[in-house]
Amino acid sequence: MNTPNTYRAGADDDGHFGIYGGRYVAETLMPLILAVERAWNEARNDPDFWTEFHDLMKHYVGRPSPLYLAKRLTEQLGGAKVYFKRDELNHTGAHKINNTIGQILMAKRMGKTRIIAETGAGQHGVATATVCALFGLPCIVYMGATDVERQSPNVFRMNLLGAEVRPVTSGTGTLKDAMNEALRDWVANVDDTFYIIGTVAGPHPYPTMVRDFQCVIGNELRDQMDEAEGRLPDTLVACLGGGSNAMGLFHPFLDDEGVEIIGVEAGGKGLDTDQHCASLTGGKPGVLHGNRTYLLQTDDGQILDGHSISAGLDYPGIGPEHSWLKDSGRVSYVSVTDAEALDAFQLCTRMEGIIPALEPSHALAHVIKIAGTYPKDHLLVMNLCGRGDKDIFAVAKHLGLDMGQTDQG
Amino acid sequence: MDMSQRTETRITRKFAQLKAAGRGGLGAFITAGDPDFETGLEILMGLADAGADMIEFGIPFSDPMADGPAVQASSLRALKNGMTLKKTLDMVRAFRQRDDETPMVLMGYFNPIYIYGVEAFLVDAKAAGVDGLIMVDLPPEEENELCIPALAAGINFIYLTAPTTDAARLPKVVEKASGFVYFVSITGITGTRSATSADIAPHIERIRKFTDLPIAVGFGIKTPENAADMVKIGDAAVVGSALVQVITDNLDGENRARPGLAAKVHQLVSELAAGVRSVAKRPTKEVV
């Protein structure tokens, strides 16, 4: 592949990043998808839209999130200076709210009066229920039946916020099926409903739109690192499920040649088993949920369920722009196992007094592997994209303790 | 319309016959290999004799996002019993040895074909006796994936139009359509609500302004009366979920076919065919 002049120009007019992306949806949805695209093209060029977005980011979400030098961890690892971008300090405890704020403003702009969403672990569901409460719109969240059971605190949070959680039993009752069910709802309610997709996937313009909302992470980092060190970071590391926190961190730096960028997938019990969720490092390109991208699938093109200790990484696909960045070689994608993530989770908790979510624990596990290989003036930034309160039951179980909650498988 | 869209197939011949006979057609949808290969083949073999004018054969897929609960479950049953796209083509081939007239349309989602390889698939599908393709998740915006290669291979590519497909968009949708146009009669998923001829009339009228292809109506048609009502305005009615429901209702506790399952599916097809044939139609007027 030739090196492009810029890695930041996608998607093209048809929603493609190279061969990835696109609009693979039923005809019933196409007119609506095109309407979302038109509305998005207007909104992204409307300064008033961004003024409202950034006002909510500051006063409601609590941005900018701090850039924090993890001193003890840096000393322990004995190499690069390890910084955390603290998106776990956002309102609702993760980066998800950056996107739901943006999309609820889109829904309002399009005059839609009913919101639907899919969720896996429940973080996107909570972030969607939150903005629906804020804007007074009814909210229906589709969630795999198995996830409803193992993430009951988040189900209760959504209920408290006024959302209706609909357990999905179709298919295998997981996140991919929740997304199918949300799409089925949307097909039947095209007139009044806006679908708030939780990651940088789905039909165009979603991958681009969600990315642009999440870019608040990387854009802040540029300024913060300049203030802290007077220059750009050297290495960026983030975990990927669908890939939205990673894309938000990476995208503003894609054209900065000297910045090394690494995405970390959920390796589950190992890529040599069938119990992982590493679409990019263990899957192949296919078409699902409106876009072409790397997928976990059989030789017959049937989609497989992923496995990860972290329910938030438990999606058999990945945002299409990541697929393109992988093929182009601009971003390196690696995987870490459940066990490595669990170790990183404990190290961060004890050494920095921060309980991270299991998702960024994957990113941290990779940081632990590589930090010592860099010189002491190397600036490494990891996106700490969610806090771990939601995961304490799962972690307890894996550590052999019983806290009276079923956890994620 | 270019020449490839004029290619004569069993589909175009069938619609010409129906027009000459002054009646509407019945399309029968079943999922390939539901509930298992043997029973599925038995069902398939008897559909035309029972009165189906055209067969829509569903390629099983793990994530059928435009389908309702009945078709979703049928797909999963077939997959659980080892059904694949390759075996789907095997069934078409077996059917063709016995029936060289009834049009056979494969309906499904793109990923299994993409993984099979588009070029290899079209060669194998044509050789097996497939006449047309309906791909739920390939709108005209993605026509380069399969529509254009299929036309070049002499296979009709049937586009779906929906109540949401307005007059501004219709020309784009029917531009490369061939065989027939499939009108999705409700905004929703398969096998849920049912529309009436009064509901669909303005939409069919709008579509006929942009194409002279026959129009089949589907999604939510369940009874002989409903099917009869639809062919008053459409050129064919397609019934799927109701047939799949007969399969569902005739399984034992472990999802195995109970004796007589295929005959019960054929019985409903006969009733639907009688309904469709009860409506006398004047020859469809040509729109130039």
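Heads up: the sequence lines are chains C and X, in that order. Taking my numbering, the leading residue of the first sequence gets 1, the next gets one more, and so forth. Taking my numbering, the leading residue of the second sequence gets 1001, the next gets one more, and so forth. Note that beta-carbon positions come from the ideal geometry of N, C-alpha and C, so glycine has one too. None of these values were measured; they are calculated from a predicted model.
- Close partners of residue 356 of chain C in chain X (Cβ separation under 8 angstroms) are lacking, with about 32 angstroms as the shortest Cβ gap.
- Going by beta carbons, residue 1116 of chain X and residue 389 of chain C fall outside the 9 angstroms limit.
- The criterion of a C-beta distance shorter than 9 angstroms is satisfied by residue 1092 of chain X and residue 1130 of chain X.
- In this structure, residue 28 of chain C sits near residue 1160 of chain X, with a CB-CB distance shorter than 9 angstroms.
- The CB of residue 1188 of chain X comes closer than 9 angstroms to the CB of 28, 184, 187, 188, 189 in chain C, given here in chain order.
- DSSP, reduced to helix, strand and coil, places residue 302 of chain C outside both helices and strands of the structure shown, so it counts as coil.
- Residues of the stretch 1102-1120 of chain X with a C-beta atom less than 9 angstroms from some C-beta of chain C are 1109, 1110, 1111, 1112, 1113, 1114, 1115, 1116, listed in chain order.
- Counting the other CB atoms within 10 Å of its CB gives residue 1017 of chain X a total below 16, which places it among the exposed residues.
- Taking residue 209 of chain C as the centre and dropping the five residues before and after it, the same chain places the C-beta of 40 closer than 6 angstroms to its C-beta, in chain order.
- Secondary structure in the stretch 193-233 of chain C: the alpha helix (DSSP H) runs of 4 residues or longer, each lying completely within the stretch, are 206-214, 216-229 in chain order.
- Residue pairing of residue 387 of chain C in beta bridges, as defined by DSSP: C:356.
- Rounded to the nearest whole angstrom, the CA to CA distance from residue 57 of chain C to residue 235 of chain C is 26 angstroms.
- Contact between the stretch 122-139 of chain C and the stretch 103-113 of chain C is present: 3 or more CB-CB pairs across the two stretches fall below 8 angstroms.
- Under the three-state reduction of DSSP, residue 1211 of chain X is assigned to coil, being neither helix nor strand.
- In its chain, beyond the 5 residues on either side, 32 have a beta carbon closer than 6 angstroms to the beta carbon of residue 190 of chain C.
- For residue 106 of chain C, the enclosing alpha helix (DSSP H) starts and ends at 96-109.
- Judged by beta-carbon spacing, residue 293 of chain C lies within the 9 angstroms limit of residue 20 of chain C, meaning their Cβ atoms are closer than that value.
- Taken in chain order, the unbroken stretches of beta strand (DSSP E) that lie wholly in the stretch 231-257 of chain C and span 3 residues or more are 235-240.
- Comparing C-alpha distances from residue 68 of chain C to each of C:224, C:37, C:237 shows the shortest one belongs to C:224.
- Listed by position along chain X, the residues whose Cβ is nearer than 7 angstroms to that of residue 23 of chain C are 1139, 1141, 1142.
- Between the stretch 236-244 of chain C and the stretch 194-201 of chain C there are three or more C-beta pairs closer than 8 angstroms, enough to call the two in contact.
- Residues of the stretch 272-298 of chain C with a Cβ closer than 9 angstroms to any Cβ of chain X, in chain order: 284, 285, 286, 287, 288, 289, 290, 292, 295, 297, 298.
- The beta carbons of residue 163 of chain C and residue 188 of chain C sit no closer together than 9 angstroms.
- Contact residues of the stretch 194-208 of chain C toward chain X are absent (C-beta to C-beta distance below 8 angstroms).
- Residue 7 of chain C: not part of any alpha helix (DSSP H); DSSP gives it neither H nor E.
- A direct Cα-to-Cα measurement between residue 153 of chain C and residue 387 of chain C gives close to 14 angstroms.
- For residue 1045 of chain X, the uninterrupted alpha helix (DSSP H) segment begins and ends at 1037-1050.
- Nearest neighbour of residue 1063 of chain X by Cα position, chosen from C:296, C:80, C:324, C:47, turns out to be C:296.
- A Cβ-Cβ distance of about 5 angstroms is found for the pair residue 1186 of chain X and residue 1193 of chain X, placing them in contact under the 8 angstroms criterion.
- Burial state of residue 401 of chain C is exposed, judged by a 10 Å Cβ sphere holding fewer than 16 other Cβ atoms.
- At least one CB atom of chain X sits nearer than 9 angstroms to the CB of residue 32 of chain C.
- DSSP, reduced to helix, strand and coil, places residue 1281 of chain X outside both helices and strands of the structure shown, so it counts as coil.
- Within the stretch 1166-1221 of chain X, complete beta strand (DSSP E) segments of at least 3 residues are found at 1181-1184, 1215-1218, given in chain order.
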